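Only one structure is covered here, and it is reproduced in the block below.
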Amino acid sequence: MPELPEVETVKNGLARTLVGHRLARVEQHRADLRFPLPPDFAKRLTGRRVEAIDRRAKYLVLRLDDGMVLLCHLGMSGRMVVTKSGKATKLGEFHHDTGLRDAHDHIVLHTDHGWTVTFNDPRRFGMMDLVSSNAMHEHKLLKHLGPEPLDAVFDAARLASLLKGKRTPIKAAILDQRLVVGVGNIYACEALHRAEISPKRLAGKVQGERAEKLVVAIKDVLNAAIKAGGSTLRDYVQATGELGYFQHSFKVYDREGEPCPRCKAPIRRLVQSGRSTFYCAKCQR
DNA sequence: CTGCACGCCTGCCCGC
DNA sequence: TGCGGGCAGGCGTGCA
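In this note's numbering, the protein residues as written are 34 to 318.
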């Protein structure tokens, strides 16, 4: 489910349920997700109070009352399903009154006030880890991450300098989490369309005016998507059951053959480093 | 160092 | 109806 706007939406949904509450019981149904879960994972979470929930890049950061942090990444197909008394609040199609568990419900957190948060991830590209709060930014998976795109420090000058001399296509560059975090395949396509930049343009040649337009496009598209509650694809459901609706605002993503909303030329699809890119060959240069 | 293909998984959709 | 191929919001690894 996740690019930055979806993770941000999940974060907000989880915060309402978890912050200020203790994890009275934790179910762990697998030893590993993408990576092995740490030893005594469920045991170490049990009894902890969730102090706050943050986001870094596409990682959820649950701050616990013992100075530890629960890091979660949703991968491609991970979801957090919030339920009460074993029933979905809405639309949680696999949480029936019977209490039957879905085959991909890997971790279930039960709070001290009768709510559950279920991490469900069919493809298991997601991850969870426990790390001390102090050491979090030195975590192997976090230490090379680039700037947050919505931070003020991420501006045209910063982007231009990050791209300078890069010989990869700009589409690949903005997907690279070492350059800037949070932008995934959908929002990369959408941001490049907004900025009228071809996904094939050499990253190093996105400078000056183009870098300015791209920074604005990235920030605008992410902010608009957050406001819409993220994008809901293939019937996936957000944390509390509400559906994000930004997918209705896609200009190019998954719209091959449809007319470009700006110039009416047909949207094209191409594959770059193994991933679909959707773009308008006429107005993106 | 850089850029890119591959693999990790399951599920769904399409064409035959 | 069944089956195979291609595709899917991510990212670490290993290769040239």
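No residue lacks a Cβ here, since even glycine has one placed at the ideal position from N, Cα and C.
Predicted, not measured: the structure shown is a model, and the values here were computed from it.
- Secondary structure note for S194: its alpha helix (DSSP H) is the uninterrupted segment 189 to 196.
- Counting along the chain, the unbroken alpha helix (DSSP H) around T50 starts and ends at 37 to 51.
- Ranked by how close their Cα comes to the Cα of Y312, the residues Q305, I300, R318, S306 have I300 in first place.
- Residue environment analysis places L192 among the buried positions, since at least 16 neighbouring C-beta atoms fall within 10 angstroms of its C-beta.
- Per the coordinates, the alpha-carbon of A206 lies some 18 Å from the alpha-carbon of K176.
- Residue nearest to D135 within the set V114, L276, T144, H143 is V114 (criterion: CA-CA distance).
- In the three-state DSSP reduction, E245 falls in the helix class (H, G or I).
- For V102 and Q240, the gap between their C-alpha atoms comes out near 38 Å.
- Relative to A90, the option among M169, I140, D138 whose CA is nearest is M169.
- 9 Å or more divides the Cβ of I259 from the Cβ of L225.
- Taking all protein chains shown into account, N167 has fewer than 16 neighbouring C-beta atoms within 10 Å of its C-beta and is therefore exposed.
- Between G111 and P35, the C-beta gap is smaller than 9 Å, which places the two residues in contact.
- For R318 and R302, the gap between their C-alpha atoms comes out near 15 Å.
- Burial state of S165 is exposed, judged by a 10 Å Cβ sphere holding fewer than 16 other Cβ atoms.
- Residue burial is scored here from C-beta neighbours: Y278 has fewer than 16 other C-beta atoms within 10 angstroms and is therefore classed as exposed.
- By the 16-neighbour rule on beta-carbons within 10 angstroms, C105 is buried.
- A distance of 9 Å or more separates the beta carbons of L247 and L142.
- Residue pairing by DSSP places H143 opposite R58, T149 in a beta bridge.
- Bridge pairing for V115: V150 [DSSP].
- Non-local C-beta neighbours of A298 in its own chain, meaning closer than 6 Å and more than five positions away in sequence, comprise C313, K315, ordered along the chain.
- Annotation: L178 is outside any alpha helix (DSSP H) and is labelled neither H nor E by DSSP.
- At a Cβ-Cβ threshold of 9 Å, R227 and A250 count as neighbours.
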